[in-house]
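Notes follow once the structure below has been shown.
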Amino acid sequence: MKRSAKAVWKGTVKDGSGVLTTQSTTLNETQYSFKSRFEEGVGTNPEELLAAAHAGCFTMKTSALLTEAGYNPETLETDCKISLVDGKITLSELTLNAKIPGISEEEFQKIAKDAKENCPVSQAFSFDKTLTANLIN
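Each position in the sequence shown, counted from 1, maps to that position plus 8 in this note's numbering.
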């Protein structure tokens with residue numbers, strides 16, 4: 009399986025701007041710029057897209073592992089923060105809030121950790137990854 013996206017940029021890095029389009033067109037000429045990346049401009053940025061990818065992949069992997077273990081998760085909500093420091097992505101911080109009937113705290117933490125370490129996006133990232141997993145009753 010292959011998925012694709014295209015970026016088009018016009019102008020200098022600080023004064024120019026670009027658009028991103030994904031194969032599915034979920035992003036369809038979505039604006040990005042220096043301001044949307046390093047300041048508070050309108051549009052998306054690569055770090056935001058990495059955060060969405062990591063949150064989505066980790067959450068699906070967690071659901072798959074829970075299902076395999078015989079649990080039926082009611083809600084899995086993951087927030088991901090990507091840190092860009094001195095021009096380098098250094099950290100992905102995952103925070104999971106989950107409502108899963110019948111699971112122990114120990115089993116929940118074990119499954120969440122497995123998902124963090126083994127979801128495909130986690131495996132693609134060479135920088136540090138952290139996880140805070142909260143079981144909500």
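Beta carbons: idealized from backbone N, C-alpha and C, even for Gly.
- According to the DSSP assignment, Ser71 belongs to the alpha helix (DSSP H) that extends over Pro54 to Glu76.
- Under the three-state reduction of DSSP, Asp136 is assigned to strand.
- Close CB contacts of Lys89 within its chain, under the 7 Å cut and outside five residues either way in sequence, are with Ala59 and Glu101 (chain order).
- Non-local beta-carbon contacts of Cys127 in its own chain, meaning distances under 7 Å to residues more than five positions away in sequence, involve Cys65, Phe66 and Lys69 in chain order.
- Scanning Gln31, Trp17 and Gly24 for the CA closest to the CA of Met9 turns up Gln31.
- In the three-state reduction of the DSSP assignment, Val50 falls in the coil class.
- Between Phe116 and Leu99, the C-beta gap is not smaller than 8 Å, which leaves the two residues out of contact.
- In this structure the region 101–115 lies against the region 134–143, because at least three pairs of beta carbons, one per stretch, are closer than 8 Å.
- A straight line joining the alpha-carbon of Gly19 with that of Ser25 spans about 7 Å.
- By the neighbour-count definition (other C-beta atoms within 10 Å, threshold 16), Thr75 is an exposed residue.
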